[in-house]
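J.:
Residue numbers (the numbering used here): 23 to 559.
Here is the structure:
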């Protein structure tokens, strides 16, 4: 592949001096790999970023949607952070770390002199508090759901504050993705003082150590943040950052053209050329770390029959979808993980587009005249779902040609996620943007039986393969990447044959911004970190 990913040394030998490097995605020339390698070319002003929806919560320990992540990631820090151009890990609130020979004890040395926005000192107790409040639903400050806790802290049994500047994570078993998980937004350290002060209202009164501090949240409109002048890595380049919620892609682009906003995401593919022709705008495209797919609920008839699931795969013309709705910028998907992640199994054969094969399988399964069902679709554009209603209608037509009569159903984004998490759907269009560049973050999170519990599932197919589970757990506990990759490749073969998904597309990551915006690089994880961006004058 064009984009190679490698671990520098076996995971059990990693130290702060030998940074873990599971992924290195570069979609454009970069002037720096570390966030702090380039000083601000100018300071001051207000930077306005517009996205398709508002945040659900401003508590990073209690979110899972990308809209919240974009905002919270500018106000909070993690122990380690992803570098500016990929998913390599570098120090952040922790200056260094070490791991025991058995891989079950990780010790972090914390950065001294850092304070939360409310003046509370950052220390090991704050790290322990952040962990405890997420992992224990009986904790007095449990945030409500903590949807990422079970896998971001997988195998962690206890966190000890050894002293003010030393924190120790104790694991029940080695966990290869541990360090990259510690860079994920869900592990961001919160101010214990603020959490205790605001209680259940912390989600709308966020206090972190990040480059911007919270000012106001006008729901369904905007979040305003101000520069943290005392930020440990140097003040942000702009004085204020505003994140606006503008649901319609076309309206968002008009606001960009009219200078009301500086940066937008999720551009309609038909508008790409319009942006390219505007001398004041820049269109960025780069390889994506995402997969859009249809989750087939294997617990509901007739999708409990593998022949039906394979028939649905044959009935979908992915290439036509990409030509029509992604402006050709993207790749048809055949595996759950994108080819930009190491261990991608290119030997897995794609389900070809064949209405005849789909009909044959339906007949073999007892449905010679097809069947009626529902196809759910989300009402918000996402990087992997550029034009939701049009894509849903096209899929409906493709399925109908094979005899699968699907009524289209949609809900507001938050309700949609809640319902598919509770297995109320038969077929649901959804997708995933990688959190850390590790295949575990796709395969285990989205397709392991551990994550198929109704009410909090991320495995929306409710697929529970013991063979896949065994491979994924083993892959979490071995240190050599070559061994892990072999296990993940085996898992992809089984998943392909069992067909709990219809993998649709690996979309490019796309953003548009005004030329006045300097030093902006849309990160491969599609999180909008904006503290090192400045405005040309």
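All C-beta atoms in this analysis are idealised placements derived from N, C-alpha and C, irrespective of residue type, glycine included.
What's the C-alpha gap between residue 61 and residue 557?
T.: For the purposes of this step, residue 61 is identified with residue 39 of the chain shown, where counting begins at 1. For the purposes of this step, residue 557 is identified with residue 535 of the chain shown, where counting begins at 1. Using only the alpha carbons, I get a separation of about 13 Å.
J.: To the nearest angstrom, report how far apart residue 441 and residue 309 are at their CA atoms.
T.: As a first step, residue 441 is located in the chain shown; it is residue number 419 there, counting from the start. As a first step, residue 309 is located in the chain shown; it is residue number 287 there, counting from the start. Rounded to the nearest angstrom, the two C-alpha atoms are 31 Å apart.
J.: Going by the beta-carbon positions, is the gap between residue 241 and residue 76 smaller than 9 Å?
T.: Within the chain shown, residue 241 is the residue found at index 219, counting from 1. Within the chain shown, residue 76 is the residue found at index 54, counting from 1. Result yes, Cβ atoms of residue 241 and residue 76 sit closer than 9 Å.
J.: Going straight from the alpha carbon of residue 89 to that of residue 129, what length do you get?
T.: The count along the chain shown starts at 1 and reaches residue 89 at position 67. The count along the chain shown starts at 1 and reaches residue 129 at position 107. About 32 Å.
J.: Quick check for students: name the residue ranges of the alpha helix (DSSP H) that lie wholly in the stretch 375-420, counting only runs of 4 or more.
T.: Complete alpha helix (DSSP H) runs here, min 4: 377-386.
J.: Could you have a look at residue 426 and say whether DSSP puts it in helix, strand or coil?
T.: Start at 1 with the first residue of the chain shown, and residue 426 comes out as number 404. Residue 426 falls in the strand class under three-state DSSP.
J.: Can you tell me the Cα-Cα spacing of residue 68 and residue 252, whole angstroms?
T.: As a working mapping, residue 68 is identified with position 46 in the chain shown. As a working mapping, residue 252 is identified with position 230 in the chain shown. For residue 68 and residue 252, the distance between alpha carbons rounds to 18 Å.
J.: Reducing DSSP to helix, strand and coil, say where residue 514 ends up.
T.: Numbered from 1 along the chain shown, position 492 holds the residue referred to as residue 514. In this structure, residue 514 counts as helix in the three-state DSSP scheme.
J.: For residue 554, which of 372, 261 and 180 has the nearest alpha-carbon?
T.: Walking along the chain shown from the start, residue 554 turns up at place 532. Checking every option, the nearest Cα to that of residue 554 belongs to 261.
J.: Apart from the five residues on each side of it in sequence, which residues of its chain come closer than 7 Å, Cβ to Cβ, to residue 350?
T.: Numbered from 1 along the chain shown, position 328 holds the residue referred to as residue 350. Answer for residue 350: 344, listed in chain order.
J.: Checking 9 Å against the spacing of the C-beta atoms, do residue 329 and residue 387 come in under that value?
T.: On the chain shown, position 307 is the one that residue 329 refers to. On the chain shown, position 365 is the one that residue 387 refers to. Against a cut-off of 9 Å, the Cβ pair of residue 387 and residue 329 comes out as a contact.
J.: Which of helix, strand or coil does DSSP assign to residue 118?
T.: Along the chain shown, one-based indexing puts residue 118 at 96. Looking at residue 118 - three-state DSSP - the assignment turns out to be strand.
J.: Have a look at the DSSP bridge pairing and note the partners of residue 131.
T.: For the purposes of this step, residue 131 is taken as residue 109 along the chain shown, with counting starting at 1. Answer is 118 and 188.
J.: Which word fits residue 526, buried or exposed, when buried means at least 16 other C-beta atoms lie within 10 angstroms of its C-beta?
T.: Sequence index remark: in the chain shown, residue 526 carries index 504 (1-based). Burial call: buried.
J.: Flag this pair as yes or no: are the beta carbons of residue 356 and residue 370 separated by less than 9 Å?
T.: Position 334 of the chain shown, counting from 1, holds the residue named residue 356. Position 348 of the chain shown, counting from 1, holds the residue named residue 370. Yes, they are a contact pair.
J.: Under a Cβ-count criterion, where at least 16 other Cβ atoms within 10 Å of its own Cβ denotes burial, should residue 284 be classed as buried or exposed?
T.: Position 262 of the chain shown, counting from 1, holds the residue named residue 284. Burial call: buried.
J.: Mind checking which residues open and close the alpha helix (DSSP H) that includes residue 92?
T.: As a first step, residue 92 must be located in the chain shown, where it is residue number 70. Looking at the DSSP string, the run of the alpha helix (DSSP H) that includes residue 92 is 88-94.
J.: Is DSSP giving residue 139 helix, strand or coil here?
T.: Indexing the chain shown from 1 puts residue 139 at position 117. Reduced to three states, the DSSP call for residue 139 is coil.
J.: For residue 559, does the count of other Cβ atoms within 10 angstroms reach 16, so buried, or fall short, so exposed?
T.: For the purposes of this step, residue 559 is identified with residue 537 of the chain shown, where counting begins at 1. So residue 559 ends up on the exposed side.
J.: Going by DSSP, what residue range makes up the alpha helix (DSSP H) through residue 287?
T.: Here residue 287 is taken as the residue at index 265 of the chain shown, counted from 1. Per DSSP, residue 287 belongs to no alpha helix (DSSP H); it is in the beta strand (DSSP E), 285-287.
J.: With 16 as the cutoff for other CB atoms within 10 Å, does residue 537 come out buried or exposed?
T.: Position 515 of the chain shown, counted from the start, is the residue given in the question as residue 537. Exposed: under 16 other Cβ atoms inside 10 Å.
J.: Quick one: using the 10 Å Cβ neighbour count with 16 as the cut-off for buried, is residue 125 buried or exposed?
T.: Residue numbering aside, residue 125 sits at position 103 when the chain shown is read from its first letter. It counts as buried.
J.: Compare the beta carbon distance of residue 533 and residue 306 with 9 Å and say whether it is the shorter of the two.
T.: The residue labelled residue 533 in the question sits at position 511 within the chain shown. The residue labelled residue 306 in the question sits at position 284 within the chain shown. Yes, the pair counts as a contact, with Cβ atoms nearer than the cut-off.
J.: Could you tell me whether the Cβ atoms of residue 153 and residue 184 are closer together than 9 Å?
T.: In the chain shown, residue 153 corresponds to position 131, counting from 1. In the chain shown, residue 184 corresponds to position 162, counting from 1. Taking 9 Å as the Cβ cut-off, residue 153 and residue 184 do not qualify as a contacting pair.
J.: From the DSSP secondary-structure annotation, give me the bridge partner or partners of residue 72.
T.: Reading the chain shown from its first residue, position 50 is the one you call residue 72. In the DSSP output, where bridge partners are listed per residue, residue 72 has 266 and 286.
J.: Starting from the C-beta of residue 164, find all residues in its chain whose C-beta is less than 7 Å away, skip the five residues before and the five after it, and write them out in chain order.
T.: For the purposes of this step, residue 164 is identified with residue 142 of the chain shown, where counting begins at 1. Once the five neighbours on either side are set aside, the close Cβ partners of residue 164 are 155 and 158.
J.: Between 202, 181, 483 and 201, which has its C-alpha nearest residue 192's C-alpha?
T.: As a first step, residue 192 must be located in the chain shown, where it is residue number 170. For the residues 202, 181, 483 and 201, the minimum Cα distance to residue 192 belongs to 181.
J.: To test your reading of the DSSP string, which unbroken beta strand (DSSP E) runs of 3 or more residues are found completely within the stretch 155-209?
T.: 178-185 and 188-193, all fully within the stretch 155-209.
J.: Looking at the structure shown, is residue 315 part of a helix, part of a strand, or coil, going by DSSP?
T.: Here residue 315 corresponds to residue number 293 of the chain shown, with the count starting at 1. Of the three classes helix, strand and coil, the one that applies to residue 315 here is strand, per DSSP.
J.: DSSP on residue 238, reduced to helix/strand/coil?
T.: Here the question's residue 238 lines up with position 216 in the chain shown. If DSSP states are grouped into helix, strand and coil, residue 238 belongs with the strands.
J.: Work out the CA separation of residue 531 and residue 299 for me, nearest whole Å.
T.: To locate residue 299, count along the chain shown from 1; it is residue 277. To locate residue 531, count along the chain shown from 1; it is residue 509. If you take the alpha carbons of residue 299 and residue 531, they lie about 20 Å apart.
J.: Our contact map puts residue 312 next to residue 455 with C-beta atoms below 8 Å; I'd like the distance itself, whole angstroms only.
T.: Taking the first residue of the chain shown as position 1, residue 312 is located at position 290. Taking the first residue of the chain shown as position 1, residue 455 is located at position 433. Correct: roughly 5 Å between the Cβ atoms.
J.: What do you get for residue 528, buried or exposed, if any count of 16 or more other CB atoms within 10 angstroms of its CB means buried?
T.: Here residue 528 refers to the residue found at position 506 of the chain shown. So residue 528 counts as buried.
J.: Looking at residue 473 and residue 138, is the spacing between their C-beta atoms short of 9 Å?
T.: Mapped onto the chain shown, residue 138 falls at position 116. Mapped onto the chain shown, residue 473 falls at position 451. Not a contact, by the Cβ cut-off of 9 Å.
J.: Using three-state DSSP, classify residue 530 as helix, strand or coil.
T.: The residue labelled residue 530 in the question sits at position 508 within the chain shown. Coil.
J.: Could you give the first and the last residue of the continuous beta strand (DSSP E) run that contains residue 244?
T.: Taking the chain shown and counting its residues from 1, one reaches residue 244 at position 222. 244-249 is the span of the beta strand (DSSP E), which, as asked, contains residue 244.
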